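Sequential numbering of the sequence shown, starting at -5, is according to this note's numbering.
Note that beta-carbon positions come from the ideal geometry of N, C-alpha and C, so glycine has one too.
Please read these numbers as outputs of a predicted model, since none were measured by experiment.
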Amino acid sequence: MRNSINTPSRFQEYFDNKWLLWTLFLLAVILKSVLLRSYLYIDGDRGLQVVAALELAKGNGYTIPLVDLNNINQVTNRVLLEWPPLYSIILAALLKITGGDLITSSMVIETTGVILYLGAIWWLAKFIGLPRMVQMMLVWFKATEVYEGMYYSFPTDIIATACLLWAVYYFMKWLDQPTDHYIIIVAVFLSTAFLFRYIYITSLFVLPVLLIWNGWRKKENKYVGAGLVMALLVSLTILIYLGFNKINTGSFTYLEEWKKGFYPAKAFNLVPLFWQAITHVTFLCMQFSILFDTAFSLFHSFLKRSSEIILVLMIISWIIRTRSYDLLLQRSNEQQYFLSSGLICIPFMVVLIILSIRIDFSTEDGGGWSYLIEDRYFLFPLTLILFAIAWRLYMRQWNRPGVQMVLKIAFVSALAFQVTHTVYIVAKRAALIKTEDPFFPDGAAAGWSSYKALLNEGRTNGNDVVLFSLGYGDAFFAAQEKVKVFRLIRDLRPDSRIKLIRPTTVVLSLPSRDIKSLAPFLDRYGFQPRKAFSNTVHFITHLKPAVNE
-5 MRNSINTPSR FQEYFDNKWL LWTLFLLAVI LKSVLLRSYL YIDGDRGLQV VAALELAKGN
55 GYTIPLVDLN NINQVTNRVL LEWPPLYSII LAALLKITGG DLITSSMVIE TTGVILYLGA
115 IWWLAKFIGL PRMVQMMLVW FKATEVYEGM YYSFPTDIIA TACLLWAVYY FMKWLDQPTD
175 HYIIIVAVFL STAFLFRYIY ITSLFVLPVL LIWNGWRKKE NKYVGAGLVM ALLVSLTILI
235 YLGFNKINTG SFTYLEEWKK GFYPAKAFNL VPLFWQAITH VTFLCMQFSI LFDTAFSLFH
295 SFLKRSSEII LVLMIISWII RTRSYDLLLQ RSNEQQYFLS SGLICIPFMV VLIILSIRID
355 FSTEDGGGWS YLIEDRYFLF PLTLILFAIA WRLYMRQWNR PGVQMVLKIA FVSALAFQVT
415 HTVYIVAKRA ALIKTEDPFF PDGAAAGWSS YKALLNEGRT NGNDVVLFSL GYGDAFFAAQ
475 EKVKVFRLIR DLRPDSRIKL IRPTTVVLSL PSRDIKSLAP FLDRYGFQPR KAFSNTVHFI
535 THLKPAVNE
């Protein structure tokens, strides 16, 4: 495989028209935004962050209103640990501007995230020298990617990844033109990525350390100085935010609240990253399963193992070709991008593996879930892989041009399939934007309808009403219904005691697996099962202070 760059084809020359490029970019933004809007629900992760935004808008800080067992009638606002605060802060500000329009405010953030995300893809592709046609191909690959997390309307995946991509871009700009403001911009984008998603704390020191290392090896003091300034700025972000958490809650993050175990098998259950970068893996596996009447896992396992082999070979080949084993930045923008982004992925992947094999999700979902199987955690590595595929196909001349041409056709075909499939999804779901209620999503409708009936029973009796539920989305439901919430379901024990100061109806959502162990608690307070679901049971009881204090 020779190193000379492919010359542009006649077809590629059509993309010299800047109006065509901008039209394609704007269409990609519109398509991605409509796709996200069609899946916009105020439930799950988003639900709890929205509650925090509503509290911010009321002047209660980055908190959620909760009760505890010492007095289930008294609400206390507690700092939200599950996510960093930036999404809720921005949403709260937008709620003020829009007069409390939650959907419009949410979509402003979503669309901004899309513009930043696709813009970073375009600018990075341009900066490392990919042809304009390929730049737009990459933009459209990312505009039409469908990852499973999108179905559940997680709010910060795209915008946080966009911030990390822009950090890499301005890092490379500094290497090209070392001016102080680029270092500040890099530090701001790194810190912003972390303040949207905890997982990106793993990325904060990679670029500063890379600069310091290169400065030391090359005897370039400006590299060392820039790296130290960047490290100082991101350190301040960490110390201020995590320090605030520790002082106010006793914990740095919510991960400290999970039980720990050891599940090494989960380290091998990784998203098939190579294939996920260029196609809709879940859809393909489902079609394969239906067509050949086989288990979904059969084809999926093949994709996982083949993906790992291909990626290992690609990494080894790149290291040998660029001689980047010394971690020294070269003059080539391509080498700078792949080295810096690849290094960012290493601590990122290590942390995800450690969390997956250590945190005890075995009792939360039957043992199947881990951080490694959710493709939404890998938007940054998936972008890197997509760039690597495009670079090898379009920026290098292969010794076997026939094979290269076949793979180019396959790459274009994969894009055509992905665009067609996503346009089909948008066409089918666009009508749902008007008919579906984002505040009462289908996935939660049965559970929330059950809650409503039970809560109304308590209100009919003139009681105070408290919902005992761990569900993130249930916190938002409770805020809509103006009822109190107790979320520490995992802390309930057979001998737990409830204290109250007025007649109170308690509605309890309890995992089915915990009913037997908590039977003494349920019997003591007269909880009656009312509605059973696949993994949970809804209970209700009516309590009076004189009897139950």
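Distance between beta carbons of residue j and residue i, contact taken as under 8 Å
i      : j      : result
Phe470 : Gly41  : 4 Å
Val23  : Leu112 : 6 Å
Leu305 : Leu267 : 6 Å
Leu227 : Ala181 : 4 Å
Thr530 : Leu504 : 6 Å
Ser350 : Ser334 : Wrong, their Cβ atoms sit about 25 Å apart, outside the cutoff.
Leu29  : Ser100 : The pair is not a contact, with the Cβ atoms about 14 Å apart (cut-off 8 Å).
Ile179 : Pro432 : So it is not a contact: roughly 34 Å between Cβ atoms.
Same chain, Cβ closer than 7 Å to residue i, five either side skipped, listed in chain order
i       : result
Pro539  : Leu494, Ile495 and Arg496
Ala408  : Ile272 and Thr273
Asn215  : Gly209
Met130  : Phe9, Leu15 and Leu18
Ile427  : Arg31 and Ser32
Met(-5) : Reliability fails at Met(-5), whose pLDDT of 49 lies under 50, so the model's placement of it is uncertain and the value that follows must be treated cautiously. The residues are Arg390, Trp392 and Asn393.
Lys298  : Leu264 and Pro266
Ile303  : none
Ser82   : Gln43, Ala46, Ala47, Leu50 and Tyr56
Asp359  : Low confidence applies here, because Asp359 scores a pLDDT of 45, under 50, leaving its location unreliable and the question unanswered by this model.
Own chain residues within Cβ distance below 8 Å of residue i, not counting five before or after
i      : result
Gly55  : Glu49, Asn71 and Val73
Thr288 : Phe282
Phe148 : Gly38, Asp39, Arg40 and Arg370
Leu449 : Val459, Leu461, Glu475, Val477, Thr499 and Val501
Leu158 : Phe183, Leu184, Ala187, Tyr194, Ser197, Ile338 and Phe374
Backbone secondary structure at residue i - three-state DSSP
i      : result
His274 : coil
Gln68  : strand
Pro523 : strand
Phe462 : strand
Gln391 : strand
Ile288 : Checking the sequence, you will find Thr at residue 288 rather than Ile. Coil at Thr288, not helix or strand.
Asp62  : strand
Ala154 : helix
Phe480 : strand
Val73  : strand
Ile495 : coil
Gly360 : Only weak support is given to the placement of Gly360: the predicted model assigns it a pLDDT of 44, under 50, and the value that follows is read from those uncertain coordinates. The answer is coil: DSSP assigns Gly360 none of H, G, I, E or B.
Leu85  : helix
Ser528 : coil
Phe256 : coil
Phe515 : helix
Ser301 : helix
Phe434 : coil
Phe199 : coil
Phe148 : coil
Thr57  : strand
Phe246 : coil
Ile509 : coil
Thr92  : coil
Leu124 : coil
Residue nearest to residue i in terms of C-alpha spacing, selected from the options
i      : options                           : result
Ala472 : Leu88, Tyr164, Gly53 and Leu60    : Leu60
Lys212 : Ser197, Ile179, Leu321 and Ile178 : Leu321
His532 : Arg507, Ile66 and Val501          : Val501
Gln330 : Gly94, Glu76, Ile97 and Gly123    : Gly123
Gly36  : Ala384, Gln522, Ala439 and Arg390 : As written in the sequence, residue 36 is Ile, which differs from the Gly given in the question. It is Ala439.
Phe332 : Ile348, Leu30, Glu139 and Arg386  : Arg386
Thr247 : Ser32, Ser511, Glu76 and Thr499   : Glu76
Ser185 : Thr138, Thr173, Leu233 and Phe148 : Leu233
Arg487 : Leu366, Ser147, Ile338 and Arg518 : Arg518
Phe135 : Gln412, Thr535 and Ser300         : Gln412
Ser557 : Leu482, Val218, Gln171 and Ser197 : As shown, the chain starts at -5 and ends at 543. That puts residue 557 outside it, with no answer to give.
Phe296 : Arg317, Trp269 and Thr316         : Trp269
Ile177 : Tyr146, Thr138 and Gly219         : Gly219
Trp168 : Phe121, Gln398, Tyr146 and Asn239 : Phe121
Ile379 : Leu401, Leu366, Ile309 and Ser506 : Ile309
Own chain, CB closer than 6 Å to residue i, minus 5 neighbours either side, in chain order
i      : result
Gly221 : Pro202, Leu205 and Ile206
Trp13  : none
Phe9   : Arg126 and Met127
Leu118 : Tyr163
Trp160 : Ala114 and Phe183
Ile347 : Ala261
Val102 : Leu88
Ser444 : Lys525 and His532
Is the segment 139 to 155 touching the segment 174 to 192 in the sense that three or more CB pairs, one from each, lie closer than 8 Å?
yes
Within the chosen definition, does the segment 97 to 112 reach the segment 434 to 453 through at least 3 CB pairs nearer than 8 Å?
no
Inspect the CB distances between the segment 135 to 144 and the segment 365 to 384 and report whether three or more fall short of 8 Å.
yes
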